[in-house]
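Notes follow once the structure below has been shown.
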Amino acid sequence: MKRFTRRLTLTLALAGTLAASAAALAIAADKDLIVFDWSGYEDPSFHPKYVEKNGDSPTFAFFGDEDEAFEKVRSGFKADLGHPCSQSVVKWREAGLLQPLDTSKISGWKDLNPGIMAMKDLATTSDGKAWFMPWDWGNTQLTYNSSKIDAKDVQSLKAFADPKFKGRVSIGDNVDDAYALASLAIGLKDWTKMTDDQFKQASDFLRQVHKNVRSYWTDTTDVVQLLSGGEVDLAWAWNDATVQSVAAGVPIQAKKDTDEGISTWVCGYVLFKDAPDNVDKAYDYLNAVNDPETAKVLVKDWGYGQANAKGMAGVDQAVLKEKGYDDVQKFVDKTLFQSPVPSELKLKMIAEFEKIKAGY
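Residues -28 to -1, 1 to 332 (mature numbering (1 follows the signal peptide of the UniProt record, and there is no 0)) are what the sequence shown spells out, left to right.
Quick look at the structure:
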């Protein structure tokens, strides 16, 4: 799903030409390392030790969603590292886009959260090979304007389909988050075992939600503007939508304790099979973002967790409480973890969501 963007006021330049003659926006810095990422993650506060060692940040190229990124790389775009989320790792790996990670070169690999590392087919495969370094994780959750909506009216995720919220709702233009919402709403916590009947129930729920949607948001900037500008009052959004809205002085709250719960996703870094540049610098970057100190930035400024458990343990308890990470176990039992789903199910979700958005 990952998964999220935060627009920064930075100068963008065009980076190389794709094999398919398309261009990717990039911020050019250290030309020896190209990171294909979500916009916003070029923030130097995420990788100060890389800059300290190499004199500059890597060159960043950006994508808007993981399917777009997949097609660009498959069409010939060259980068060293990519930043997919849990739902896409299997697809990227099975397409032959990735090479295994040498975990002996990643400081703190053993400090990665055991619960995240236990997710089937994510960080490692059954043969013991590592393909993905989990880094950031967070939630997609019910988010609302507390000055316009009473908390009791959004105690259930079914509120998204309630006719009284017609024209006041926004959910992401993101198939994973949409079906995570729908799965939870029909009482399904493990979407990897979704039956045909449950798929129909989930899709029918999304069709009801569509009747209330004013706009499908594409990134955090988009949903924050919708909430802050009063265009919508109820959203299915990532953690940083609340953080940024509150920082802007808008009474937006996230509700983790709905009857059905929340969704949790994990994003991280992969090493591309045809990484064209300096592999040693790729590991420098992985070590920099996995540094425990980075957790303080992720939690405080973005509202996300770091997969490095040692890093999370080092964050001030008051900050953890403010961002909802002081007692993670209290909502785990009502969480849908966005684990990789079977390829055929993902294709069904993609096709059906396009129909739903088109009004069919």
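Built from N, CA and C at the ideal position, the CB exists for glycine as well.
Original post:
When the Cα of S76 is compared with those of L69, K101 and T31, which residue comes out closest?
Top reply: K101
Subject >> Through-space distance from D229 to G240, alpha-carbon basis >> reply: 26 Å
Subject >> Closest residue to residue 333 among Q59, H182 and V215 (Cα-Cα distance) >> reply: Outside the shown range of the chain (-28 to 332) lies residue 333, about which nothing can therefore be said.
Original post:
Does the Cβ-Cβ distance between D249 and K21 come in under 9 Å?
Top reply: no
Subject >> Distance cut-off 8 Å: A219 Cβ against heavy atoms of the ligand COA >> reply: Among the components modelled here there is no ligand, and therefore nothing to report on the ligand COA.
Original post:
If you draw a straight line from the alpha carbon of A67 to that of K82, how long is it in whole angstroms?
Top reply: 28 Å
Original post:
Quick check: the segment 282 to 299 against the segment 253 to 272, are there 3 or more CB pairs under 8 Å?
Top reply: yes
Original post:
By how many angstroms is the C-alpha of A226 removed from the C-alpha of D299?
Top reply: 16 Å
Original post:
If we call anything under 9 Å between Cβ atoms a contact, is G283 one with N211?
Top reply: no
Original post:
Does the Cβ of D74 have 16 or more other Cβ atoms within 10 Å, making it buried, or fewer, making it exposed?
Top reply: exposed
**OP:** Quick one: using the 10 Å Cβ neighbour count with 16 as the cut-off for buried, is A150 buried or exposed?
**Re:** buried
Original post:
Roughly how many angstroms lie between the CA atoms of M321 and G27, to the nearest whole one?
Top reply: 44 Å
**OP:** Could you spell out where the beta strand (DSSP E) holding T167 opens and where it closes?
**Re:** Note, T167: premise wrong, no beta strand (DSSP E); not H, not E.
**OP:** Provide the residue span of the beta strand (DSSP E) that contains T115, from first to last.
**Re:** M105 to N117
Original post:
Is I224 helix, strand or coil by DSSP?
Top reply: strand
**OP:** May I ask you to report which of helix, strand or coil DSSP gives L258?
**Re:** helix
Original post:
The alpha helix (DSSP H) spanning P86 covers which residue range?
Top reply: P86 to M89
Original post:
Starting from P30 and walking both ways along the alpha helix (DSSP H), at which residues does that stretch end?
Top reply: It is not in any alpha helix (DSSP H) - P30 instead sits in the beta strand (DSSP E) that spans P30 to F35.
Subject >> DSSP three-state assignment for A(-16), whether helix, strand or coil >> reply: Note that A(-16) has pLDDT 31, beneath the 50 cutoff, so the model's placement of it is unreliable and the number below is only indicative. If DSSP states are grouped into helix, strand and coil, A(-16) belongs with the strands.
Original post:
Do W163 and L308 have their CB atoms nearer than 9 Å?
Top reply: yes
Subject >> Assigned exposure category for S(-8) - 16 Cβ within 10 Å defines buried >> reply: Low local confidence applies: a pLDDT of 31 at S(-8) is under 50, so the model's placement there is unreliable, with the coordinate-based value given in what follows. Exposed, since its Cβ has fewer than 16 Cβ neighbours within 10 Å.
Subject >> Which listed residue (V141, Q59, P314 and G48) has its alpha carbon closest to that of P178 >> reply: Looking at the sequence shown, residue 178 is not Pro but Leu. Here the closest residue by C-alpha is V141.
Original post:
Going by other Cβ atoms of all chains shown within 10 Å of its Cβ, with 16 needed for buried, is G275 buried or exposed?
Top reply: buried
Original post:
Hey, quick one: how far does the alpha helix (DSSP H) through W3 stretch, first residue to last?
Top reply: Looking at the sequence shown, residue 3 is not Trp but Lys. It is not in any alpha helix (DSSP H) - K3 instead sits in the beta strand (DSSP E) that spans D2 to W10.
Original post:
Can you check whether the CB of Y116 is closer than 9 Å to the CB of A207?
Top reply: yes
Subject >> Close beta carbons around Q127, own chain, < 7 Å, minus the five adjacent residues each side >> reply: T230 and D231
Original post:
Where does S235 land, buried or exposed, given buried means 16+ other C-beta within 10 angstroms?
Top reply: buried
Original post:
Beta-carbon separation of A133 and K183 under 9 Å?
Top reply: yes
Subject >> 8 Å contact criterion, which L84 and P106 should meet: CB distance rounded >> reply: 6 Å
**OP:** Tell me whether A219 is buried or exposed, calling it buried when 16 or more other Cβ atoms sit within 10 Å of its Cβ.
**Re:** exposed
**OP:** Specify, as a first and last residue, the run of the alpha helix (DSSP H) that F42 falls within.
**Re:** E38 to R46
Original post:
Thinking C-alpha only, which one of W109, S11, S79 and P16 is nearest Q59?
Top reply: W109
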